[in-house]
Amino acid sequence: MSANDLYIHPSANVSDKAIIGAGTKVWINVQIRENAVIGEGCILSKDVYVDHAVKIGSRCKIQNSVSVYSGVEIGDDVFVGPNACFTNDKVPRAFNADWTITPTRIEDGASIGANATIVCGITIGEFAMVAAGSVVTKDVAPYTLVMGNPARAVARIDREGNRVSGDV
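Numbering (the working numbering), first residue to last: 141 to 308.
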């Protein structure tokens, strides 16, 4: 298998209406719904769910048990740690005739730690980092490290995630 080969594990459930880029690896029990677009060179680990019409850029790594729901758009070179949670509904109810998807944008190079919750309607800026377990309820500026519940800015970081300043 060359680096340009698309790999889809036999247990994955991938819609024939999804678009998946060259070199992407789709692992055990992944589900990718119709009209999802996934870039080149991505890794979708065990039990990832990609809802309909989701857009994921190139060279992204989405680890085990992440659900990426409709309305979430992920840029290039994004890392999403295991069990991170994206929401897409500001007022969740079992039945709501007026239900609408609230969009969320994850910019290029951002990193989301394990078990983080990303509340819909926000943007996580380029090369921002969300610490594991954080609950993000508002926009995160580019090159900013946030942590806690609710997440708060604690440092400025560089492209590799190293702290460059405690001033935010």
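Backbone N, C-alpha and C define an ideal beta-carbon position, used for all residues, glycine too.
Starting from the Cα of Ser-151, find the closest Cα among Ile-160, Gly-163, Asp-145 and Gln-171 and give me that residue. Walking along the sequence shown from the start, residue 151 turns up at place 11. Per the C-alpha coordinates, the member of Ile-160, Gly-163, Asp-145 and Gln-171 positioned closest to Ser-151 is Gln-171.
Going by beta carbon distance, what residues of the same chain come within less than 7 Å of Ala-162, once the five residues before and after it are set aside? Along the sequence shown, one-based indexing puts residue 162 at 22. Within the same chain, Ala-162 has close Cβ partners Asn-144, Leu-146 and Glu-180.
Once DSSP output is grouped into helix, strand and coil, what is the label at Gln-203? As a working note, residue 203 is residue 63 in the sequence shown. DSSP places Gln-203 in coil when its eight states are reduced to three.
Could you tell me which residues DSSP puts in a beta bridge with Phe-226? The residue labelled residue 226 in the question sits at position 86 within the sequence shown. The partner list for Phe-226 (beta bridge, DSSP) reads Ile-258.
Taking all protein chains shown into account, do 16 or more other C-beta atoms lie within 10 angstroms of the C-beta of Ala-176, making it buried, or fewer, making it exposed? As a first step, residue 176 is located in the sequence shown; it is residue number 36 there, counting from the start. Buried.
In this structure, does DSSP put Glu-213 in helix, strand or coil? One-based indexing of the sequence shown puts residue 213 at position 73. In this structure, Glu-213 counts as strand in the three-state DSSP scheme.
Would DSSP call Phe-235 helix, strand or coil? The residue given as residue 235 occupies position 95 in the sequence shown. Assigned with DSSP and collapsed to three states, Phe-235 falls in coil, not helix or strand.
I need the DSSP call for Arg-292, collapsed to helix, strand or coil. For this step, residue 292 is matched to residue 152 along the sequence shown. Per DSSP, reduced to three states, the secondary structure at Arg-292 is strand.
Based on the DSSP secondary-structure assignment, which residues constitute the bridge partners of Phe-219? Walking along the sequence shown from the start, residue 219 turns up at place 79. Residue pairing for Phe-219: DSSP places it in a beta bridge opposite Lys-201 and Ser-251.
On the criterion of 16 or more Cβ atoms from any shown chain inside 10 Å, does Asp-217 qualify as buried, or is it exposed? Against the sequence shown, residue 217 aligns to sequence position 77. Burial call: buried.
Just curious, the beta strand (DSSP E) that Val-304 is in, first and last residue? As a first step, residue 304 must be located in the sequence shown, where it is residue number 164. First-last of the beta strand (DSSP E) with Val-304: 303–305.
Within 10 angstroms of the Cβ of Val-286, are there 16 or more other Cβ atoms? Answer buried if so, exposed if not. The residue labelled residue 286 in the question sits at position 146 within the sequence shown. With 16 or more other Cβ atoms within 10 Å, it is buried.
Verify whether the separation of the beta carbon atoms of Val-206 and Val-194 is less than 7 Å. By 1-based counting over the sequence shown, the position of residue 206 is 66. By 1-based counting over the sequence shown, the position of residue 194 is 54. If you check the CB distance, Val-206 and Val-194 do not come in under 7 Å.
Give me the Cβ distance between Ile-246 and Gly-211, rounded to the nearest whole Å; I'm assuming they're in contact under 8 Å. Walking along the sequence shown from the start, residue 246 turns up at place 106. Walking along the sequence shown from the start, residue 211 turns up at place 71. Between Gly-211 and Ile-246 the Cβ distance is about 12 Å, and since that is not below 8 Å, they are no contact.
Would you mind giving the Cβ-Cβ distance between Glu-300 and Pro-282, rounded to the nearest angstrom? I have them listed as a contact below 8 Å. Counted from its first residue, the sequence shown places residue 300 at position 160. Counted from its first residue, the sequence shown places residue 282 at position 142. Contact between Glu-300 and Pro-282 is absent: CB atoms are separated by about 14 Å, not below the 8 Å threshold.
Take the Cβ of Ala-234 as the centre, count every other Cβ of all protein chains shown within 10 Å, and call the residue buried at 16 or more, exposed below. Looking up residue 234 in the sequence shown gives position 94. Counting of Cβ neighbours within 10 angstroms places Ala-234 among the exposed residues, the total staying below 16.
Output the distance between the C-alpha atoms of Ile-262 and Ile-168, rounded to the nearest integer angstrom. Walking along the sequence shown from the start, residue 262 turns up at place 122. Walking along the sequence shown from the start, residue 168 turns up at place 28. Whole-angstrom Cα-Cα distance: 30 Å.
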